[in-house]
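So the structure is just underneath, and the comments pick up after that.
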Amino acid sequence: MTAATAPVHTELLSRIEQCQARVGVIGLGYVGLPLAHALHQGGLPVIGFDIDPGKPKAIKAGKNYLQHLGDSMVTDLRDSKRFEATTDFGRLGECDVIIVAVPTPLGRHHEPDIGFILSTAESIGKTLRKGQLIILESTTYPGTTRDDMMPAIFKAAGENGKGLKLGVDVFGAFSPEREDPGRKSHNTRTIPKLCGGLDAASTELACAVYRKGIAEVVPVSTAEVAEAAKILENTFRAVNIALVNELKAILEPMKIDVWEVIRAAATKPFGYMPFFPGPGLGGHCIPIDPFYLTWKAREHGVFTRFIELAGEINTNMPHYVVDRVAEHLNNHGKAVKNSKVLVLGLAYKADIDDVRESPSFELIELLMHRGAKVEYSDPHCAETKTVRSHDLRMKSVPVTAESLKQFDLVLVSTAHSAFDWDMIAKHSKLIVDTRDAMRRHHGELGNRLKLA
Ligand SMILES: NC(=O)c1ccc[n+]([C@@H]2O[C@H](COP(=O)([O-])OP(=O)(O)OC[C@H]3O[C@@H](n4cnc5c(N)ncnc54)[C@H](O)[C@@H]3O)[C@@H](O)[C@H]2O)c1
């Protein structure tokens with residue numbers, strides 16, 4: 299019997315197509331919450347699972363805990379009879395389709411940490427039954443779905459899993475998330491969804507699920523192709539950002555404006571895509587994902603010199619910026635030590651509140667290390683949270699014409715649109731701008747502005 303005619307597969311496909319299949323989304327964060335919403339809006343009944351009781355509680359209370367998604371996402375779910383959120387992983391057995399969207403961070407030595415995927419796999423295994431499709435969405439190295447997640451599920455299933463055959467009774471797939479929080483032009487529903495199964499039957503089922511909530515679903519031949527495609531996308535960004543960061547350092551002594559150069563090059567209608575320099579990489583993906591590939595490549599005896607060079611350049615950017623701060627202060631007769639510096643923006647990019655891997659933390663620490671007295675301001679982040687390698691315990695300070703006068707230098711790290719750039723240009727003594735946020739003030743700022 300072929301997979302396509304196997305009764306379990308046929309029945310599950312029909313349940314998905316008729317919106318009778320129940321979907322469990324594990325991890326209700328930046329990826330899982332909008333995905334649960336998109337599939338729910340497509341007509342499927344959804345249960346959201348999270349180990350953090352705060353997430354189901356917030357949804358039940360209609361409280362939006364991810365600002366950039368807007369309030370209606372949470373209230374739509376709260377008000378629906380087809381959605382529930384829970385911390386009770388015993389209910390995973392009720393789900394025909396289980397989608398895993400848990401974090402994939404780095405360990406202490408920059409090695410992949412798939413511990414969240416494995417602990418989730420254990421929970422799934424405990425209630426594994428015939429007729430379930432498990433899809434991994436967390437970004438990871440190629441092979442994780444087949445070689446790590448599915449074996450962990452079967453191991454946890456123990457006796458229950460005995461006799462269940464992959465591709466016949468139970469199905470598995472990988473579908474990468476390509477969410478870009480804060481981007482207005484695209485959302486979960488409009489970003490094409492890659493989908494690769496562990497076998498043809500799994501690909502067909504996973505594609506059917508996503509077609510319910512996502513405009514374009516793109517099947518690929520294997521889960522490994524889908525896993526590698528996601529890593530390629532993020533490595534491509536990391537490498538190109540490193541290239542323009544290097545270009546910035548090359549053009550600066552030549553007194554050529556790197557932003558103008560990039561915008562000029564971007565007028566070419568083919569063969570070029572603009573990337574912009576900054577104070578360093580941030581977010582949960584771009585600084586982390588290339589390391590997943592590097593680690594996996596080593597297992598196969600392959601070294602990733604190009605990717606590692608990009609990592610080196612990007613990691614060095616906060617040091618480069620702090621050197622520019624020191625130079626600018628020095629040119630105005632001041633030392634870094636005891637200078638008062640205001641860092642504008644804590645989030646890793648404009649108009650969101652996500653601080654994961656944000657270079658602002660590194661900038662603040664490096665400046666403090668050189669003896670500067672540092673404060674930060676961010677309308678989206680009232681206080682610093684403890685993040686992977688920083689525990690700053692600071693609170694955002696207001697930016698006013700009066701408060702700006704206290705600072706010897708303002709360092710622009712994140713160009714939030716909520717900042718009043720006119721006022722900042724007018725009242726700051728010195729500015730180091732890593733984002734080209736002060737462009738329309740270049741002339742009037744004279745020698746008070748330094749681009750970094
Ligand atoms: N944030 C993005 O823009 C983005 C984009 C593309 C891909 N990704 C990838 O998606 C995955 C999830 O990232 P995110 O940004 O949504 O993370 P997140 O931290 O916002 O959300 C993860 C959620 O999972 C929960 N969680 C952790 N361990 C769990 C477990 N064992 N069981 C159940 N829930 C658990 C957390 O409480 C949290 O609510 C990562 O692999 C990430 O690389 C993220």
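299 is the number of the first residue of the sequence shown in this note's numbering; add one for each residue after it.
Glycine included, each C-beta is placed from N, C-alpha and C at the ideal position.
The model shown is predicted, which means the values in this text are computed figures rather than measured ones.
How would you write the range of the beta strand (DSSP E) that residue 382 sits in, first residue to last?
-> In the sequence shown, residue 382 corresponds to position 84, counting from 1. Residues 381-384.
Run the proximity test for residue 401: is its beta-carbon closer than 8 Å to any non-hydrogen atom belonging to ligand 1?
-> Here the question's residue 401 lines up with position 103 in the sequence shown. Relative to ligand 1, the beta carbon of residue 401 is positioned inside 8 Å of a heavy atom.
Limits of the unbroken beta strand (DSSP E) element including residue 433 = Within the sequence shown, the letter at position 135 stands for residue 433. Unbroken beta strand (DSSP E) run through residue 433: 430-434.
Are the Cβ atoms of residue 642 and residue 676 separated by less than 9 Å?
-> Translated into the one-based positions of the sequence shown, residue 642 becomes position 344. Translated into the one-based positions of the sequence shown, residue 676 becomes position 378. For residue 642 and residue 676, yes; Cβs fall inside 9 Å.
Which of helix, strand or coil DSSP assigns to residue 302 | Working through the sequence shown from its first residue, we reach residue 302 at position 4. Note that residue 302 scores 48 on pLDDT, short of 50, meaning its location in the model is unreliable and no value can be drawn from it.
Start and end residues, alpha helix (DSSP H) containing residue 659 = Counting from 1 along the sequence shown, the entry for residue 659 is found at position 361. It spans 657-667 - the alpha helix (DSSP H) in which residue 659 sits, taken as one unbroken run.
Residue 714: beta carbon under 8 Å from a heavy atom of ligand 1?
-> Within the sequence shown, numbered from 1, the residue matching residue 714 stands at position 416. Outside the cutoff, so no.
Mind the definition here: the segment 541-559 touches the segment 487-498 only if three or more C-beta pairs lie below 8 Å; say whether that holds.
-> no
Whole-Å CB distance - residue 334 paired with residue 353, under 8 Å assumed | Against the sequence shown, residue 334 aligns to sequence position 36. Against the sequence shown, residue 353 aligns to sequence position 55. Actually they are not in contact, since the Cβ atoms of residue 334 and residue 353 sit about 11 Å apart, beyond 8 Å.
To which residues of the same chain is residue 302 closer than 7 Å at the C-beta, ignoring the five residues directly before and after it?
-> The residue labelled residue 302 in the question sits at position 4 within the sequence shown. Unreliable positioning characterises residue 302 in this predicted model, as indicated by a pLDDT of 48, which lies under 50. The coordinate reading is nonetheless provided below. Taken in chain order, the residues that qualify are 499.
Distance, residue 712 Cα to residue 484 Cα | Within the sequence shown, the letter at position 186 stands for residue 484. Within the sequence shown, the letter at position 414 stands for residue 712. Distance between the alpha carbons of residue 484 and residue 712: 21 Å.
Sorted by chain position, which residues of the same chain lie with C-beta nearer than 7 Å to residue 391's C-beta, five sequence neighbours on each side aside?
-> Locating residue 391 in the sequence shown gives position 93, where the first residue counts as 1. So the qualifying residues of the chain are 425, 427.
Through-space distance from residue 475 to residue 434, alpha-carbon basis | In the sequence shown, residue 434 corresponds to position 136, counting from 1. In the sequence shown, residue 475 corresponds to position 177, counting from 1. Put simply, the backbone Cα of residue 434 is about 10 Å away from that of residue 475.
Flag residue 646 as yes when its Cβ comes closer than 8 Å to any non-hydrogen atom of ligand 1, and as no otherwise.
-> Position 348 of the sequence shown holds residue 646. No, since every heavy atom of ligand 1 falls outside the 8 Å radius drawn around the Cβ of residue 646.
Ordered along the chain, which non-local residues of its own chain (more than five positions away) have a Cβ less than 6 Å from that of residue 309?
-> Here the question's residue 309 lines up with position 11 in the sequence shown. Here the set comprises nothing.
Distance cut-off 8 Å: residue 437 Cβ against heavy atoms of ligand 3 | This structure does not include ligand 3; its bound ligands are ligand 1.
Alpha-carbon to alpha-carbon, residue 689 and residue 364 = Numbered from 1 along the sequence shown, position 66 holds the residue referred to as residue 364. Numbered from 1 along the sequence shown, position 391 holds the residue referred to as residue 689. Just so you know, the alpha carbons of residue 364 and residue 689 end up roughly 22 Å apart.
Helix, strand or coil: which one does DSSP assign to residue 674?
-> In the sequence shown, residue 674 corresponds to position 376, counting from 1. In this structure, residue 674 counts as strand in the three-state DSSP scheme.
Where residue 396 sits in the DSSP three-state scheme | In the sequence shown, counting from the first residue as 1, residue 396 sits at position 98. Residue state, collapsed to three classes: strand.
Residue burial classification, residue 530 (beta-carbon count within 10 angstroms, cutoff 16) | Taking the sequence shown and counting its residues from 1, the one referred to as residue 530 is at position 232. So residue 530 ends up on the exposed side.
Measure from the alpha carbon of residue 691 to the alpha carbon of each residue in 674, 700, 678, then state which is nearest.
-> By 1-based counting over the sequence shown, the position of residue 691 is 393. The alpha carbon of residue 691 has as its nearest neighbour, out of 674, 700, 678, the alpha carbon of 674.
Where residue 750 and residue 419 are concerned, what is the direct C-alpha to C-alpha distance, given to the nearest angstrom?
-> Locating residue 750 in the sequence shown gives position 452, where the first residue counts as 1. Locating residue 419 in the sequence shown gives position 121, where the first residue counts as 1. Each residue's Cα considered, the two are about 45 Å apart.
CA-to-CA distance, residue 521 to residue 315, given in whole angstroms = Position 17 of the sequence shown, counted from the start, is the residue given in the question as residue 315. Position 223 of the sequence shown, counted from the start, is the residue given in the question as residue 521. Those two C-alpha atoms are separated by around 22 Å.
Three-way DSSP call (helix, strand, coil) for residue 491 in this model = The residue you call residue 491 lines up with position 193 of the sequence shown. Three-state DSSP puts residue 491 in a strand.
Please state if the CB of residue 539 and the CB of residue 575 are separated by a distance shorter than 9 Å.
-> Translated into positions along the sequence shown, residue 575 becomes position 277. Translated into positions along the sequence shown, residue 539 becomes position 241. In this structure, the beta-carbon distance from residue 575 to residue 539 falls below 9 Å.
Identify the continuous alpha helix (DSSP H) that holds residue 332 and give its terminal residues.
-> Stepping through the sequence shown from its first residue, residue 332 is reached at position 34. Start and end: 330-339.
From 607, 581, 602, 636, residue whose alpha carbon lies closest to that of residue 478 = Position 180 of the sequence shown holds residue 478. It is 581 whose Cα lies nearest to the Cα of residue 478.
Touch check for the segment 398-414 and the segment 371-390: three-plus C-beta pairs under 8 Å?
-> no
Which whole-angstrom value describes the C-beta separation of residue 465 and residue 497, a residue pair presumed to lie in contact below a C-beta threshold of 8 Å?
-> The count along the sequence shown starts at 1 and reaches residue 465 at position 167. The count along the sequence shown starts at 1 and reaches residue 497 at position 199. Residue 465 to residue 497, Cβ: 4 Å. Contact.
How about the segment 317-327 and the segment 339-349: do they share at least three Cβ pairs that are nearer than 8 Å?
-> At 8 Å Cβ cutoff, the stretches touch.
Supposed contact pair residue 432 and residue 470 - C-beta distance, whole angstroms, cut 8 Å | Reading the sequence shown from its first residue, position 172 is the one you call residue 470. Reading the sequence shown from its first residue, position 134 is the one you call residue 432. Approximately 5 Å separates the beta-carbon atoms of residue 470 and residue 432; this is inside 8 Å, confirming the contact.
In three-state DSSP terms, what is residue 739?
-> Translated into positions along the sequence shown, residue 739 becomes position 441. It is helical.
Grab me the residues of residue 586's own chain with a C-beta within less than 6 Å of its C-beta, minus the 5 sequence neighbours each way, in chain order.
-> Position 288 of the sequence shown, counted from the first residue, corresponds to residue 586. Excluding positions up to five away in sequence, the list reads 404.
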